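Asks:
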DNA sequence: GAGATTATGTCAGCCATATTGACATATTTT
DNA sequence: AAAATATGTCAATATGGCTGACATAATCTC
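Chains as they are written, first to last, in my numbering: chain W, -10 to 169; chain H, -10 to 169.
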């Protein structure tokens, strides 16, 4: 029985070098794997209570956040960002529109497009949801060195898939995205 | 119609100070809100293809990861970490046990406890799942300054709820947890 | 030792959010 | 006119959360 049990600790004996094949045991950066899990777990839990008051879930938060931050966004842009299907987005977006948090306007150039905007009501909710998350981040950065904010932002950006990294940087830092 | 639309850009005009009440518009650290979303989105997408080959989802990954990393963990420990109910854990854990990835052993001190261990098969899968995430993290850190790893780890730890921060640090850095 | 508490498991049902596939409509492009 | 695009919608399904109720075995307390 005991012999079918893996003993990870024995595999990380100090200084041990793998004799054959790649070392699949724990290594540099593995602390970040767990820290990311715990940090994100608590980070996304902040707005849950507020959302519950509106009968919304985390999916509504994500949609409202991006529409509020990037007014005039197309539905297709949102699908690219969230990496979900239009059917999944559909229900959530419909609820936000029905509730008066988001409005749609046909595109001026291309009237097939439904450009998305947060209403004042929507912007207020987005701000309420953003507030505890901002507070948590500012508190976390406050205890660190002055350049930590930049280091952390650079790290997180470097964690994004290389193919989309520039798009994400443009979005986050508000360089207006040129749309072809 | 246009007057019910919020215009966030006007609220972040450079140097503007709020005249009344707290400033609920965007401020320091808000770039981190979005960067965390994008970084985590891509970070957790890495193992998805591997998991699909086994008919598993992200819930299985989380359970297997923590059991592999902390052998002899109790079911209650896992519930604390994942912050889910025992019913939710139950289904996923049962599948991992039935599939031979995890085994249970009664606790030596308290035979009510079911201590969890990854089998060799489970440890191998955990390593395969960890590999792309480790690679992504190492690549992200490689482009940064030498002290970035520490800064990022400190930041992520500081993002954890204060009440659990010490427990998380102990877990992540393998200081054996004293159990009362 | 009897009774309370604890650790775990399980049944049943519900909800949120994701999926795929098919099809409809309006609009723009070719 | 035909093809391609942007969006919306219907239907069915899966995952992974939840609550509530109840069962078992083991330990702790008096």
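All C-beta atoms, glycine included, are put in the ideal place defined by N, C-alpha and C. The structure displayed is predicted, hence computed values, not measured ones.
Please return the same chain residues whose Cβ sits closer than 8 Å to the Cβ of residue 157 of chain W, not counting the five positions on each side in sequence.
Replies: 146, 149
Asks: Please list the partners that residue 102 of chain W has in chain H, where partner means a Cβ-to-Cβ separation under 8 Å.
Replies: By Cβ distance, chain H contributes nothing, its closest Cβ being about 16 Å from residue 102 of chain W, past 8 Å.
Asks: At which residues does the alpha helix (DSSP H) containing residue 64 of chain W begin and terminate?
Replies: For residue 64 of chain W, the uninterrupted alpha helix (DSSP H) segment begins and ends at 64 to 71.
Asks: Please name the residues in the stretch 71 to 102 of chain W whose beta-carbon is closer than 7 Å to at least one beta-carbon of chain H, in chain order.
Replies: 72, 92
Asks: Please report the Cβ distance between residue 76 of chain H and residue 49 of chain H, rounded to the nearest whole angstrom; I am assuming they are in contact, meaning their Cβ atoms lie under 8 Å.
Replies: With 8 Å as the limit, residue 76 of chain H and residue 49 of chain H do not qualify as a contact, their Cβ atoms being about 16 Å apart.
Asks: Is the CB of residue 21 of chain W under 8 Å away from at least one CB in chain H?
Replies: yes
Asks: Measuring alpha carbon to alpha carbon, tell me which residue in H/120, H/81, H/108 is nearest residue 44 of chain H.
Replies: H/81
Asks: As a quick exercise: from H/25, H/57, H/47, pick the residue whose alpha carbon is nearest that of residue 112 of chain H.
Replies: H/57
Asks: Short of 7 Å Cβ to Cβ, which residues in the stretch 140 to 158 of chain W face chain H?
Replies: 140, 141, 142, 143, 144, 145, 146, 147, 148, 149, 150, 157
Asks: Name the residues in the stretch 118 to 134 of chain H whose C-beta lies less than 9 Å from a C-beta of chain W; which are they?
Replies: Going along the stretch 118 to 134 of chain H in chain order, one finds 119, 120, 122, 123, 124, 125, 126, 127, 128, 129, 130, 131, 132, 133, 134 with a Cβ nearer than 9 Å to chain W.
Asks: Beta-carbon of residue 46 of chain H versus every beta-carbon of chain W: anything under 8 Å?
Replies: Taking Cβ atoms only, chain W never reaches closer than 8 Å to residue 46 of chain H, which makes this a no.
Asks: Between residue 64 of chain H and chain W, is any beta-carbon pair separated by less than 8 Å?
Replies: no
Asks: Suppose you measure from the CA of residue 127 of chain W to the CA of residue 17 of chain H; what does that come to, to the nearest Å?
Replies: 7 Å
Asks: If distances are taken between C-alpha atoms only, which option among H/65, H/38, H/71 comes closest to residue 54 of chain H?
Replies: H/71
Asks: Where does the unbroken alpha helix (DSSP H) through residue 80 of chain W begin, and where does it stop?
Replies: 75 to 87
Asks: When you compare the CB of residue 43 of chain H with every CB in chain W, is at least one pair closer than 8 Å?
Replies: no
Asks: Flag residue 40 of chain W as yes if its beta-carbon sits less than 8 Å from any beta-carbon of chain H, otherwise no.
Replies: no
Asks: In chain order, which continuous runs of the beta strand (DSSP E) of length 3 or greater are located wholly inside the stretch 90 to 136 of chain W?
Replies: 91 to 95, 103 to 107
Asks: Using 8 Å as the limit for Cβ to Cβ distance, is residue 161 of chain H near chain W?
Replies: At a cut-off of 8 Å, the C-beta of residue 161 of chain H has a neighbouring C-beta in chain W.
Asks: Thinking C-alpha only, which one of H/28, H/65, H/107, H/90 is nearest residue 78 of chain H?
Replies: H/65
Asks: Quick one: using the 10 Å Cβ neighbour count with 16 as the cut-off for buried, is residue 74 of chain W buried or exposed?
Replies: The residue in question, residue 74 of chain W, is exposed, as its Cβ has fewer than 16 Cβ neighbours within 10 Å.
Asks: So, with DSSP's three-state summary, where would you put residue 142 of chain H?
Replies: helix
Asks: Am I right that residue 19 of chain W and residue 122 of chain W are in contact with their C-beta atoms under 8 Å? What's the rounded C-beta distance?
Replies: Not confirmed; about 26 Å, so no contact.
Asks: Going by Cα to Cα distance, which pick from H/28, H/52, H/144 is closest to residue 135 of chain W?
Replies: For the residues H/28, H/52, H/144, the minimum Cα distance to residue 135 of chain W belongs to H/144.
Asks: As a quick exercise: from H/27, H/24, H/37, H/63, pick the residue whose alpha carbon is nearest that of residue 119 of chain H.
Replies: Relative to the Cα of residue 119 of chain H, the nearest Cα in the group H/27, H/24, H/37, H/63 belongs to H/37.
Asks: Tell me whether residue 97 of chain W is buried or exposed, calling it buried when 16 or more other Cβ atoms sit within 10 Å of its Cβ.
Replies: exposed
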